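J.: This is the structure I have questions about; it appears just below.
There are 2 protein chains.
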Amino acid sequence: MATIYDIGLGAAFNIVTATIFLLIFAFLRLQPVNDRVFFPKWYLKGMRDSPSSAGAAVNKYVNLDVRSYLKFLSWMPAALKMPEEELIEHAGLDSVVYLRIYLTGLKIFVPITILAFGVLVPVNWTNDALDDLKVVHSDIDNLSISNIPYGSKRFIAHLVMAYVFMFWTCYVLKNEYERVATMRLRFLASEKRRPDQFTVLVRNIPPDPDESVSELVEHFFLVNHPDHYLKHQTVYNANKLADLVEKKKKMRNWLDYYQNKFERKSKRPTTKTGFLGCFGSEVDAIDHCKSEIEKIGKEEAEERIKVMKDPKSIMPAAFVSFRSRWGAAVCAQTQQTSNPTLWLTEWAPEPRDVYWSNLSIPFVSLTVRRLIIGVAFFFLNFFYVIPIAFVQTLANLEGIEKALPFLKPLIESPSIKSFIQGFLPGLALKIFLIVLPTILMYMSQFEGLISQSSLERRTASKYFIFLFFNVFLGSIVTGSALEQLNTYLHASANDIPRIIGVAIPMKATFFITYVMVDGWAGVSLEILRIRAFVLYHLKNFFLVKTEKDREEAMDPGSICFYWSEPRIQLYFLLGLVYAAVTPLLLPFILVFFALGYVVYRHQIINVYHQRYESGAQFWPNVHLRIIVALIASQLLLLGLLSTKGLEEATPVLLVLPILTFWFHKYCTHRYKPAFVRNPLQRR
Amino acid sequence: MATIYDIGLGAAFNIVTATIFLLIFAFLRLQPVNDRVFFPKWYLKGMRDSPSSAGAAVNKYVNLDVRSYLKFLSWMPAALKMPEEELIEHAGLDSVVYLRIYLTGLKIFVPITILAFGVLVPVNWTNDALDDLKVVHSDIDNLSISNIPYGSKRFIAHLVMAYVFMFWTCYVLKNEYERVATMRLRFLASEKRRPDQFTVLVRNIPPDPDESVSELVEHFFLVNHPDHYLKHQTVYNANKLADLVEKKKKMRNWLDYYQNKFERKSKRPTTKTGFLGCFGSEVDAIDHCKSEIEKIGKEEAEERIKVMKDPKSIMPAAFVSFRSRWGAAVCAQTQQTSNPTLWLTEWAPEPRDVYWSNLSIPFVSLTVRRLIIGVAFFFLNFFYVIPIAFVQTLANLEGIEKALPFLKPLIESPSIKSFIQGFLPGLALKIFLIVLPTILMYMSQFEGLISQSSLERRTASKYFIFLFFNVFLGSIVTGSALEQLNTYLHASANDIPRIIGVAIPMKATFFITYVMVDGWAGVSLEILRIRAFVLYHLKNFFLVKTEKDREEAMDPGSICFYWSEPRIQLYFLLGLVYAAVTPLLLPFILVFFALGYVVYRHQIINVYHQRYESGAQFWPNVHLRIIVALIASQLLLLGLLSTKGLEEATPVLLVLPILTFWFHKYCTHRYKPAFVRNPLQRR
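First to last, the sequence lines map onto chains A and B.
Take 1 as the starting number for the first sequence in the UniProt record's numbering and just add one per residue.
Take 1 as the starting number for the second sequence in the UniProt record's numbering and just add one per residue.
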């Protein structure tokens, strides 16, 4: 059983690890050769260029300026310095509001930590229930609620604190919701006139035997929105055309490459016409590329005409533009025909945000898909252990020996054998957990959402549910979700919070370690960008031919909302659940939020390239999940205290989730419309 | 234990009772003196007058035409004859769609009854599990699922039938939803230009120090809806004015009375100025009335000016009219300002549908009220037994003797004593159950809904929940809802359907009796209109002075949606639950629906006076509750079969509620908008 000393040791170890990561980062980022790995955002903005070839060649790759190494932590204040307004300008509202999630974490947990250490820790510490009971316990438990004897009046302190924590959390949440809503509205209003603010996406246009989709749309909007309709753009299924465009682009790149080569060596390069330029007859490379580009250009033009004419490639969807934001706002918010499944209108997502493949799914198909995914996700969440266990039984030593007999001598050697035996069973699970967000993303895509941003939001919800059941509850009840499901079905509604609540204090040390290993290390690894670092240098070495290629080798990445936000939420959940039970966990959460805030602020300024701008539309989801965490924490505290011999506590605690739920309803009514609709009032 | 013979006897008795009621009705309705009780609708429409005084005086009161008695059941075909289109014209869409609830019941249960008797009854009957077990059982149980031995493959018939029943019910529901939605849209489109179709109700107008509400509204809509805004009407708090108007109206009635009297007796009547015309100095009645009317008229004018000027009596709400339906549709469906709690717009209810007192409740207050009522309803639903038990302990014999000692000799007499002892304990509960819908209505009013129709809908939902827990589940689990709550909290999610499901077959006879007593007798009593009958004749005898008074004494009543619809839903629930378990219950349900349909069609044609027209806005609620009944029936069947030794049944049955829920989501998406929004498309 872990003592405070063990935890301290673990913390020290993790702090050292994180510091080493940060030091490596501080060193690597100063090397010009890595500039494109650690500052790609500035390249994309055109504000930085490849190191000039003037000066010593070595300066191009290694930083020899000693003074710059002395200020190796200077990136931290630099990351914090940029004011919010400028950051919105620089990286978009989505990124800034994403940072506010960490900030919200700090705002919620700093006062809670102070209060918990000021009130609850002394109340817990000055008991000796655990010593009296003579149960095996660690000194961490002395700081937790477990140390208070059965039926003690001291639990009143925890009750009062539960109320204080709820009110404080709700207060912060309300302020943040209000703030983000204001930011969003200001952002939408202050932007330069973006076309998508005047545009509405119309889907499920009914087929008409007499008119083409384009004519139909025009007639419909001329009749029903005569004063505001401007023009429209139908959506074509032009996959083949897109292939041709891509091919032409590649060929242009080759042309650049050969021309560069020709300039440097003043000898016309040659290539072969066959596969990968390795076979076939030799031709002049520049001429070959030029003729190829011309040929593709012709094909492209033909394909374009074909697509425009072919009724099969016209999809029953269109982007309709209006003369005024008012007209677009009206059209997006209203129902067009008496059949609410036809002529569905909504605000057009940004062009780069549109998820094109889903634009033409008919209504009935959409509802069927939603049902299928609902059922599939339920099974994924609760039964994912079954196929993994099945794979594990297959992927044992004998199985491998049978399938790949030539490996037998290798595997039989004792050291490798023991390694495989220790490693293999966990492998399937590890792979599954790494692939999981991608699987969930595919599921969301199948559901038929029409923008990248909504796909990410939906996937994040699914992932959070998975983490909640399989990581959080799974670690507490220690059983697979399938076994849990069995427990939930067979235990009464009364007993479920009790079963979980009682186990909570015992898992504090586990979660402290989890926060350090997953949270701290994860964040410091994020800033190192190992994957991007390795890939960039590999590409740079083997593939890069032209400046354009180097541009493309650089992978700025982006905030992976669907993957990272649910993980942050897990820390909110842990913090709120343990705030009243084992306050010792809170400082670890605080460090996570602070570190995460600085690191992600740095990344957003220097690295990430925004893929789309949704105007912080994800905030209602963030809010909802913190509310879920709060209610879960209250129910689990209820379950825990119901075993502590204080009957009066139950009704008092029952008020908490009701109030929290009501608060959520209030906020949803009050602020959510700002994220869904655009108001009509002229500013 | 009831046998089929007992049930038959009960049925015969109830049929006879119902027939007697119908005969009495057939007799009474033919008497001219009752004309205003049984045909008030025609009077209100101005299509009937009081029996002319020409002819024998006796003819005014008694019908002496023998032939008319021979056709005493002729009202039935007459009630069914009026085509739906004409009925909509005559009684409004609400009434017609209300009748469709009964019709839906018939459509759902006629094929289900035939199937159940064709398939399930033979399957159940040809076993002798109950005989083998030698348990005490009645021959009704031989027809029910209880008669099939443990683990028998015959349960497959019930599984298949559960699927068939679900598909059939959903098919009927979908058709009905579609039909009603079409009817609603046609109704809205075909009506004469009603002002409320061009009008939007604006609430929560923010206070402005510089402008009055009226100016503010005008400016706001001139700016934000310049092309469509026509005019507006602010809402005043004019309770005092309304009192004066009422007073004036009464005085006018007296004036009529005295003038009639004067004409008949050609002697000027006199009255006294004091209380109730019994004290004070004697004056000429006609002159007195005239001067009083004049005086009130002046006060009224003053009060009117005062109200218009006084800023306190101006409420932050207004009815805004638009030039076109399009403009109103746009304004009602869109959000006006960035703060979604200000300038709330929605379609204006019909003038007679508006619930005036709730128009000016601010947003925060609304959400708090909703929370309070939510909690209060929860307690009412589960804990109502406590205050009633308390009243019961108070209202015993000794309590009465103490409070009212003079009654002591009366109470002490043995016959009265035993009567009170048998009667009192139930009295509090009976009174509570009678008053309950009214209590629920007050709760809905407190919640701040702004139209009569939405109040009725909300109250109906509450009442249905109450009936579901306290009548349906309460009769099956036989315990107060409080005890049930205890069971639900302490039993596992798995066990709850099992506990209830197992008890279901045993309660079949109870519910059969319930259907006969509550359903059959209730419906036949409805047509007799005993309360209206007695009140009318009492008023006619004692109070009626003028023709106008007689008009007012006539109480046509109206469909009490919030009171009667949840009771119909109870029969849907019983029918669906017992369809696969004890099919014998189904014919009784069928009789209820058929009788109810005929009776209510008659009442709607001849009696009820529509209080408002919401355009069948209640249908989504009706649909939802039938879905709830269907899902409940599936879960209970699941619980029941899980004790019958057929493990394969559980997953097969679990598919049912999922499909049903999905079907509901689909229907909501597809049809509900027709009941909430108005489409923009021009017709």
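Idealized CB from N, CA, C, for every residue including glycine.
For clarity, every value in this text was computed on a predicted model and none was experimentally measured.
In chain B, what lies closer than 9 Å to glutamine 233/A by C-beta?
T.: Chain B residues near glutamine 233/A: none, gap ~21 Å exceeds 9 Å.
J.: Counting Cβ pairs, one atom from each stretch, are 3 or more of them under 8 Å apart for the stretch 292-305 of chain B and the stretch 199-217 of chain B?
T.: These segments do not touch.
J.: Please confirm if the stretch 175-182 of chain A is in contact with the stretch 147-155 of chain A, defined as three or more CB-CB distances below 8 Å between the two stretches.
T.: Contact between the stretch 175-182 of chain A and the stretch 147-155 of chain A is absent, because fewer than three Cβ pairs lie under 8 Å.
J.: Would you call aspartate 94/A buried or exposed, if buried means 16 or more other Cβ atoms sit within 10 Å of its Cβ?
T.: Answer is buried; the Cβ neighbour count reaches 16.
J.: Who are the Cβ neighbours of glycine 55/A in its own chain at under 6 Å, not counting the five residues just before and after it?
T.: Its pLDDT being 47, under 50, glycine 55/A is placed unreliably by the model, and the measurement read from it follows with that caveat. So the list is empty, once near-sequence residues are dropped.
J.: Please tell me whether lysine 462/B has its Cβ less than 8 Å away from any Cβ of chain A.
T.: No, no contact with chain A.
J.: If the cut-off is 8 Å on Cβ atoms, which residues from the stretch 433-462 of chain B count as contacting chain A, listed in chain order?
T.: Those residues of the stretch 433-462 of chain B that come within reach of chain A (Cβ to Cβ, closer than 8 Å) do not exist; the list is empty.
J.: With which residues is alanine 318/A paired in a DSSP beta bridge?
T.: DSSP lists Val202/A and Thr234/A as partners of alanine 318/A.
J.: Name the DSSP beta bridge partners of serine 492/B, please?
T.: The partner list for serine 492/B (beta bridge, DSSP) reads Ser492/A.
J.: Under three-state DSSP, which class holds glutamate 613/B?
T.: Three-state DSSP puts glutamate 613/B in coil, outside helix and strand.
J.: Excluding sequence positions up to five away, which residues of its chain have a Cβ less than 6 Å from the Cβ of leucine 528/A?
T.: Taken in chain order, the residues that qualify are Phe21 and Phe25.
J.: Output the boundary residues of the alpha helix (DSSP H) element that contains valine 33/B.
T.: It is not in any alpha helix (DSSP H) - valine 33/B carries neither H nor E in the DSSP assignment.
J.: Could you check how far apart the C-beta atoms of tyrosine 487/B and cysteine 170/B are, in whole angstroms? I think they sit under 8 Å.
T.: According to the sequence as given, residue 487/B is threonine; it is not tyrosine. That belief does not hold up - the Cβ atoms of threonine 487/B and cysteine 170/B are roughly 31 Å apart, past 8 Å.
J.: For the pair the stretch 532-544 of chain A and the stretch 32-50 of chain A, tell me if three or more CB-CB distances fall below 8 Å.
T.: A contact exists between the stretch 532-544 of chain A and the stretch 32-50 of chain A.
J.: Could you please give the first and the last residue of the uninterrupted alpha helix (DSSP H) stretch that includes glutamate 346/A?
T.: Glutamate 346/A -> not in any alpha helix (DSSP H); beta strand (DSSP E) instead, spanning 344-347.
J.: Could you name the residues of the same chain whose beta carbon sits closer than 7 Å to that of threonine 337/A, not counting the 5 residues immediately before and after it, in chain order?
T.: Cβ neighbours of threonine 337/A beyond the five flanking positions: Trp343.
J.: By alpha-carbon positions, which one of Val354/A, Ile434/A and Ile431/A ends up nearest to isoleucine 450/A?
T.: With distances taken between Cα atoms, isoleucine 450/A lies closest to Val354/A.
J.: By DSSP's criteria, valine 283/B is part of a beta bridge. Which residues make up the other side?
T.: Bridge partners of valine 283/B: Thr271/B.
J.: Is there a C-beta anywhere in chain B that falls below 8 Å from the one on asparagine 381/A?
T.: Output row for asparagine 381/A: interface = no.
J.: With a cut-off of 8 Å, does the C-beta of aspartate 208/A fall near any C-beta of chain B?
T.: No - not a single Cβ of chain B is within 8 Å of the one on aspartate 208/A.
J.: How long is the line joining the alpha carbons of arginine 457/A and alanine 328/A, rounded to whole angstroms?
T.: Straight-line Cα distance between these residues: approximately 24 Å.
J.: Between the C-alpha atoms of lysine 309/B and tyrosine 257/B, what's the straight-line distance to the nearest angstrom?
T.: Distance between the alpha carbons of lysine 309/B and tyrosine 257/B: 37 Å.
J.: What is the DSSP secondary structure of serine 52/B, reduced to helix, strand or coil?
T.: Per-residue confidence for serine 52/B stands at a pLDDT of 46, beneath the threshold of 50, marking its modelled position as unreliable; the derived number appears in the next sentence. Correct three-state label for serine 52/B: coil.
J.: Confirm, please, whether the CB-CB distance from isoleucine 604/B to leucine 99/B is below 8 Å.
T.: Yes, the Cβ-Cβ distance between leucine 99/B and isoleucine 604/B is below 8 Å.
J.: Identify the contact partners of threonine 113/A in chain B, using a Cβ-Cβ distance below 8 Å as the criterion.
T.: Within 8 Å Cβ-Cβ: nothing; threonine 113/A doesn't reach chain B, min ~30 Å.
J.: Secondary structure at valine 515/B, three-state DSSP: helix, strand or coil?
T.: Reduced to three states, the DSSP call for valine 515/B is helix.
J.: Are the stretch 589-600 of chain A and the stretch 511-523 of chain A touching, with three or more C-beta to C-beta distances below 8 Å?
T.: Enough Cβ pairs lie closer than 8 Å, so yes.
J.: Just to confirm before moving on: does the CB-CB distance between threonine 582/A and serine 152/A stay below 8 Å?
T.: Not closer than 8 Å, so no.
J.: Who are the near neighbours of alanine 491/A in its chain, counting only those whose CB is closer than 7 Å to its CB and skipping five residues on each side?
T.: The answer, listed in chain order, is Ile499.
J.: So what does DSSP say about valine 581/A, is it helix, strand or coil?
T.: Three-state DSSP puts valine 581/A in coil, outside helix and strand.
J.: Considering glutamate 246/B, what are the terminal residues of the alpha helix (DSSP H) in which it resides?
T.: Its alpha helix (DSSP H) spans residues 239-265.
J.: Closest by CA to cysteine 560/A, which one among Val16/A, Ser190/A and Ala460/A?
T.: Here the closest residue by C-alpha is Ala460/A.
J.: Is it the case that the Cβ atoms of leucine 630/B and methionine 166/B are separated by a distance below 8 Å?
T.: In contact: leucine 630/B and methionine 166/B (Cβ atoms closer than 8 Å).
J.: What does a CB cutoff of less than 8 Å around valine 235/A pick up in its chain, not counting 5 residues either side in sequence?
T.: Around valine 235/A: Ile314, Met315, Ala317, Ala318, Phe319, Trp356, Leu359 and Ser360.
J.: Contact between the stretch 661-675 of chain B and the stretch 363-373 of chain A is defined here as three or more beta-carbon pairs at a separation below 8 Å; is this criterion met?
T.: Result yes; three or more Cβ-Cβ pairs closer than 8 Å.
J.: Here's the rule I'm using: 16 or more other beta-carbon atoms within 10 Å means buried, otherwise exposed. How should tyrosine 442/A be labelled?
T.: Exposed is the call here.
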